[in-house]
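Visitor: Numbering (this note's numbering), first residue to last: 171 to 623. The structure follows.
Listed below in structure tokens is the structure:
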């Protein structure tokens with residue numbers, strides 16, 4: 171079998187974009203299909219399918235391509251002869267690599283990108299670099315909220331296969347909480363008290379992998395629903411350039427509170443060297459009580475670390491600014507077909523294959539990080555703890571700011587650098603907000619946005 175995965179190592183300016191469920195022991199889960207091949211579409215009885223000796227190159231950022239998709243790609247190759255060559259780039263380098271390839275006319279057949287209706291033009295120039303997929307059959311079945319985030323000027327440019335319930339929340343160790351007599355915090359002050367008690371017991375309250383450059387940023391823009399509660403209409407004012415990040419008290423509040431967690435030592439001594447890839451191992455070891463992740467983390471821990479149990483973990487919203495609401499992000503890592511590809515029809519064929527209902531079910535059943543998919547007919551796999559979380563917090567939801575606000579998501583890694591400088595006392599929360607405004611203005615003027623004159 172040809173090599174399924176090519177890892178690209180790139181040196182250069184660190185700049186990129188990223189955004190980011192599963193379970194085990196669920197009596198309501200679909201039958202285990204891990205060892206079963208996904209059902210193949212039947213070819214006409216009178217004519218055997220013609221196999222093609224073609225390789226499709228697919229460039230993507232780290233963690234965007236799941237193992238279950240690679241298994242499907244193997245089956246796709248067996249059926250069609252079309253091989254998928256996955257080329258994975260570290261997340262902090264991905265956007266620069268993609269941008270360089272697009273500019274040099276060396277784009278892969280398929281490239282990954284973070285969807286978001288405000289980003290498709292400025293980030294990827296999809297009208298020139300990507301194929302219009304509006305007439306593909308699967309577009310009619312995909313969740314309309316996700317399709318909207320892959321649409322520019324009424325044309326659909328990307329396929330998104332992602333978990334619609336993959337919100338970033340606090341995943342906590344219930345045994346540690348119960349052992350210290352702690353309950354789920356309902357406010358920031360209660361969260362501080364819980365962190366202090368955990369730290370005093372010898373456990374680091376929060377596992378935060380700052381070294382990846384992107385994860386710690388989540389604490390800030392993910393609270394879009396809470397910001398709108400505190401300052402109704404703020405997102406609309408920011409979009410229209412009628413307000414500045416610098417002048418927002420609620421945005422400064424969340425950055426200040428997150429910085430307070432760092433300064434009080436609640437992120438521990440190793441936050442700057444912690445890695446996202448080691449989350450399962452570190453959470454399972456009992457050295458950390460909480461982390462920001464999706465509701466699929468407990469199942470991942472159980473799978474990755476022998477002797478651990480998904481039942482030992484629970485969930486609550488990120489409590490900065492007293493947030494008690496659930497963030498939603500219909501923008502996610504997506505698949506684009508390069509307009510310069512010599513194999514556009516074959517790439518469309520691959521997309522059609524991935525979106526067959528039986529293959530989507532295989533994808534979900536074999537991806538521990540996901541609990542649902544953004545297509546109908548796919549049976550979700552929530553366990554009791556996950557279902558209870560959505561029953562408690564799913565009544566009030568809102569869109570995260572990196573999706574709701576234009577010119578914000580493209581600065582993700584830059585914001586991460588600024589937040590790291592804040593942790594090192596080299597910048598203030600206000601400085602970070604000023605930098606966000608400056609970068610937004612630069613991007614808006616480049617895009618000839620009429621709201622920035």
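Glycine included, every Cβ here is placed at the ideal spot set by N, Cα and C.
(1) Return the CA-CA distance between residue 296 and residue 261, expressed in angstroms with no decimal places.
(2) Do the stretch 590–600 and the stretch 416–429 touch if we need at least three Cβ pairs shorter than 8 Å?
(3) So residue 340 and residue 462 are supposed to be a Cβ contact under 8 Å. How far apart are they, rounded?
(4) Would you mind stating whether residue 531 and residue 541 have Cβ atoms separated by less than 8 Å?
(5) Report buried or exposed for residue 282, applying the criterion of at least 16 other Cβ atoms within 10 angstroms of its Cβ.
(6) Look at the Cβ atom of residue 568, then the Cβ atom of residue 394, and state whether they are nearer than 8 Å.
(7) Let me know if residue 215 comes out buried or exposed under the rule of 16 or more other beta-carbons within 10 Å of its beta-carbon.
(8) Who are the Cβ neighbours of residue 352 in its own chain at under 7 Å, not counting the five residues just before and after it?
(9) What three-state label does DSSP hand residue 294 in the structure shown?
(10) Between which two residues does the beta strand (DSSP E) harbouring residue 152 extend?
(11) In chain order, what residues of the same chain have a beta carbon less than 7 Å from the beta carbon of residue 268, not counting five sequence neighbours either side?
(12) Taking three-plus beta-carbon pairs below 8 Å as touching, is the stretch 239–249 in contact with the stretch 474–482?
(13) Going by DSSP in three states, residue 271 sits in which element: helix, strand or coil?
(14) Could you tell me which of 508, 246, 233, 224 sits nearest to residue 522, measuring between CA atoms?
(15) Using a Cβ distance threshold of 8 Å, determine whether the stretch 487–507 contacts the stretch 405–419, with at least three qualifying pairs required.
(16) For residue 508, which beta-bridge partners are listed by DSSP?
(17) Who are the near neighbours of residue 304 in its chain, counting only those whose CB is closer than 6 Å to its CB and skipping five residues on each side?
(18) Which of the three DSSP states, helix, strand or coil, is assigned to residue 485?
(19) To which residues does DSSP link residue 281 through a beta bridge?
(20) Looking at the secondary structure, which residues open and close the beta strand (DSSP E) in which residue 358 lies?
(21) Is it buried or exposed for residue 236, if we count other Cβ within 10 angstroms and need 16 for buried?
(22) Please list, in chain order, all residues of the same chain as residue 380 whose beta carbon is under 7 Å from its beta carbon, the five residues on each side excluded.
(23) Exposed or buried, residue 594, counting other C-beta atoms within 10 Å across all chains shown (16 or more means buried)?
(24) Please classify residue 334: is it buried, with 16 or more other beta-carbons within 10 angstroms of its beta-carbon, or exposed?
(25) According to DSSP, simplified to helix, strand and coil, what is residue 621?
(26) What beta strand (DSSP E) runs, 3 residues minimum, are completely inside the stretch 308–357?
(27) In chain order, which continuous runs of the alpha helix (DSSP H) of length 4 or greater are located wholly inside the stretch 398–446?
(28) Can a CB atom of chain B be found closer than 8 Å to the CB of residue 328?
(29) Assign residue 498 to one of three DSSP states: helix, strand, or coil.
(30) If you draw a straight line from the C-alpha of residue 398 to the C-alpha of residue 516, how long is it?
(31) Short check: CB of residue 468 to CB of residue 293, under 8 Å?
(32) In angstroms with no decimal places, state the Cα-to-Cα distance between residue 342 and residue 576.
Guide: Looking at the atomic coordinates:
(1) Computed Cα separation, rounded: 20 Å.
(2) By the Cβ criterion, the stretch 590–600 is in contact with the stretch 416–429, since at least three pairs of Cβ atoms, one from each stretch, lie closer than 8 Å.
(3) About 6 Å separates the two Cβ atoms, so the contact holds.
(4) In this structure, residue 541 does not lie closer than 8 Å to residue 531 by Cβ.
(5) By the Cβ-count criterion, residue 282 is buried, with 16 or more other Cβ atoms from all chains shown falling within 10 Å of its own Cβ.
(6) Residue 568 places its beta carbon less than 8 Å from that of residue 394.
(7) Because residue 215 sits at a pLDDT of 41, beneath the cut-off of 50, its placement in the model cannot be relied upon, and the following sentence gives the value as read from the coordinates. Exposed, since its Cβ has fewer than 16 Cβ neighbours within 10 Å.
(8) So the qualifying residues of the chain are 364, 367.
(9) Looking at residue 294 - three-state DSSP - the assignment turns out to be helix.
(10) This structure does not reach residue 152, given that the chain is present from 171 up to 623, and the question cannot be answered.
(11) Counting only residues of its own chain and dropping the five nearest sequence neighbours on each side, residue 268 has a CB closer than 7 Å to the CB of 229, 281.
(12) With fewer than three CB-CB distances shorter than 8 Å, the stretch 239–249 does not count as touching the stretch 474–482.
(13) Three-state DSSP puts residue 271 in a helix.
(14) For the residues 508, 246, 233, 224, the minimum Cα distance to residue 522 belongs to 246.
(15) By the Cβ rule, the stretch 487–507 does not count as touching the stretch 405–419, because fewer than three pairs are nearer than 8 Å.
(16) By DSSP's assignment, residue 508 forms a beta bridge with 300.
(17) Once the five neighbours on either side are set aside, the close Cβ partners of residue 304 are 325, 326.
(18) In the structure shown, residue 485 sits in a strand (DSSP, three-state: E or B).
(19) As DSSP reads the structure, residue 281 sits in a beta bridge with 229, 506.
(20) Looking at the DSSP string, residue 358 is not in any beta strand (DSSP E); the run it does join, the alpha helix (DSSP H), is 358–370.
(21) Around the CB of residue 236, 16 or more other CB atoms lie within 10 Å, so the residue is classed as buried.
(22) If we look at residue 380 and ignore the five residues flanking it on each side, its Cβ neighbours are 386, 441, 442, 444, 590.
(23) Of the other Cβ atoms in all chains shown, fewer than 16 fall within 10 Å of the Cβ of residue 594; this residue is therefore exposed.
(24) With 16 or more Cβ atoms within 10 Å of its Cβ, residue 334 is classed as buried.
(25) Reduced to three states, the DSSP call for residue 621 is coil.
(26) List check, beta strand (DSSP E) in window: 339–343.
(27) With a minimum length of 4 residues, the continuous alpha helix (DSSP H) runs that stay inside the stretch 398–446 are 404–409, 419–433.
(28) Considering every chain present, this structure includes no chain B. It has just one protein chain.
(29) For residue 498, the three-state secondary structure derived from DSSP is strand.
(30) Approximately 44 Å, taken between the alpha carbons.
(31) With contacts defined as CB atoms closer than 8 Å, residue 468 and residue 293 fail to qualify as a contacting pair.
(32) Cα atoms of residue 342 and residue 576: separation of roughly 32 Å, rounded to the nearest angstrom.
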